[in-house]
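> Residue numbers (numbering that gives the first Met the number 0): 0 to 201.
Quick reminder that beta carbons are idealized off the backbone N, C-alpha and C, glycines included.
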Amino acid sequence: MTKWMYHSDDNVYYQIGISYCEIPVDATYEKLAVFVPGYSAQAALTAYTSLTEYTDAGFVYVHAGCRGRDAGAPAGVTDLKAAIRYLRYVNNTMPGDAEKIFVFGMSGGGAQSALVGATGDSELYDPYLEQIGAIQSVSDAVYGSMDWCPITNLDSADEAYEWMMGVTRSGLSDDEQAISDGLAVSFADYINRAAIMIILWV
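Right under this line is the structure:
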């Protein structure tokens, strides 16, 4: 509790660089920051980020860093679950209500947010959470998940891009153009197969 900093212009208390697991795989990412509407002053950190669109509305804003696609699935969702468990564990000493955690994101963040929302307390993540030393016997389910344009089907993402945007690019070599055209055709085949499967299941 002695580590709270204060940003006087925004009237917000905050902490950054809080490790949310005991054995991080990558301590550069597996940390979180908390932003709380505040009342009294103390010095601000140089890495402070203004989030008044949330704090002015009375939200406690938590920015949990997480590993990305380079670490492979399910590293990112595991990290977010560990952060949620940490917030629940310190609920009695943290402003706000850790039983009403909302996650949100856009694009890749939307996908992560969707997975966090859909997999609350899933046992499938237990080995990964244990591996990074996440708090055990605490729920990682969230109250709500807001997901803007989540990218979830990464198996066909490159094909989908070339199908939709490939014709708008110029300057590709003959080999690159052939790859782009092939990916676009593959995505059209994928969509046609998916449409047939949907019709069969209706």
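Looking only at its own chain, which residues have a Cβ that is under 8 Å from the Cβ of R192, when we skip the five neighbours before and after it?
To locate residue 192, count along the sequence shown from 1; it is residue 193. Closer than 8 Å at the Cβ level, and outside the excluded window around R192, lies no residue.
> Is there contact here, the segment 161-175 with the segment 128-141, by at least three beta-carbon pairs under 8 Å?
Judged by Cβ distances under 8 Å, the segment 161-175 makes no contact with the segment 128-141, as fewer than three pairs qualify.
> Would you call the segment 111-126 and the segment 77-85 in contact, with 3 or more CB pairs under 8 Å?
The segment 111-126 is in contact with the segment 77-85.
> Going by the CB atoms, is the gap between A63 and A133 shorter than 7 Å?
Here residue 133 corresponds to residue number 134 of the sequence shown, with the count starting at 1. Here residue 63 corresponds to residue number 64 of the sequence shown, with the count starting at 1. Result no, Cβ atoms of A133 and A63 do not sit closer than 7 Å.
> Look at the alpha carbon of N91 and the alpha carbon of V33, and state the distance between them as a whole number of angstroms.
Locating residue 91 in the sequence shown gives position 92, counting from the first residue. Locating residue 33 in the sequence shown gives position 34, counting from the first residue. Rounded to whole angstroms, N91 to V33 spans 15 Å at the Cα level.
> Could you tell me the distance, in whole angstroms, from the CA atom of Y38 to the CA atom of V184?
Residue numbering aside, residue 38 sits at position 39 when the sequence shown is read from its first letter. Residue numbering aside, residue 184 sits at position 185 when the sequence shown is read from its first letter. Low local confidence applies: a pLDDT of 37 at Y38 is under 50, so the model's placement there is unreliable, with the coordinate-based value given in what follows. Taking the straight line joining both Cα atoms gives about 59 Å.
> Where does the unbroken alpha helix (DSSP H) through Y5 begin, and where does it stop?
As a first step, residue 5 is located in the sequence shown; it is residue number 6 there, counting from the start. Careful: Y5 lies outside any alpha helix (DSSP H), inside the beta strand (DSSP E) at M4 to H6.
> Where M145 and S112 are concerned, what is the direct C-alpha to C-alpha distance, given to the nearest angstrom?
As a position in the sequence shown, residue 145 is number 146, starting the count at 1. As a position in the sequence shown, residue 112 is number 113, starting the count at 1. Roughly 7 Å separates the two Cα atoms.
> Can you tell me whether T204 is buried or exposed, with buried defined as 16 or more other CB within 10 angstroms of its CB?
No information on residue 204 is available, as it lies outside the stretch 0 to 201 that the chain covers here.
> Among F58, D174, N10 and S106, which residue has its Cα nearest to the Cα of G67?
Residue numbering aside, residue 67 sits at position 68 when the sequence shown is read from its first letter. Comparing Cα-Cα distances from G67 to each of F58, D174, N10 and S106, the minimum goes to S106.
> Using DSSP's beta-bridge definition, name the partner residues of G165.
Numbered from 1 along the sequence shown, position 166 holds the residue referred to as residue 165. For G165, which the question treats as bridged, DSSP gives no partner whatsoever.
> If we require 3 or more residues per run, which beta strand (DSSP E) segments fall completely within the segment 18-93?
Counting whole runs of 3 or more residues, the segment 18-93 contains the beta strand (DSSP E) stretches 30-36 and 60-63.
> Between A56 and the ligand PLP, is there a pair consisting of the residue's CB and a ligand heavy atom that are separated by less than 6 Å?
The model depicted lacks the ligand PLP and carries no ligand whatsoever.
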